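What follows is one structure encoded as C-alpha cells, with my remarks underneath.
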Amino acid sequence: MLDAYLMEWGGMLLRWLHVITAIAWIGSSFFFIHLDASLRPAADIPTGEGGVPSQYLAWRVQGGGF
3 MLDAYLMEWG GMLLRWLHVI TAIAWIGSSF FFIHLDASLR PAADIPTGEG GVPSQYLAWR
63 VQGGGF
C-alpha cells in the first residue's frame, strides 16, 4: 500500500520535473537564438572577417564553434 503511494508521488514529481526542464530548455534555446541573431559586424573589421570579440565568444559557446 505504501509502495503504491510512494510510486504515485514519485511519478508525479518526475512528470513535473520533465515539464519544468522542457520549459527551461525551450527558454534557453530562444535566448541563445536571440544572442546569435544579435551579432553585428564591427566597423573596423573588413567584410567577412569576423565580428565583435565578446559577441563572437557567445556564438562559439552556444553555436558549436569549439
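Residue 3 is where the sequence shown starts when you use the working numbering, and the numbers rise one by one after that. Ideal Cβ positions, reconstructed from N, Cα and C, are used throughout, including at glycine. Note that the structure is predicted; figures quoted are calculated from it, not measured.
Item, Value
"Close Cβ partners of Thr23 (< 7 Å) along its chain, the five nearest in sequence each way excluded", "none"
"Inter-residue spacing [alpha-carbon to alpha-carbon] between Met3 and His36", "50 Å"
"Rounded separation between Glu10 and Val21 - CA only", "17 Å"
"Span of the alpha helix (DSSP H) around Ser31", "4-39"
"Pairwise C-alpha distance: Arg17 and Leu41", "37 Å"
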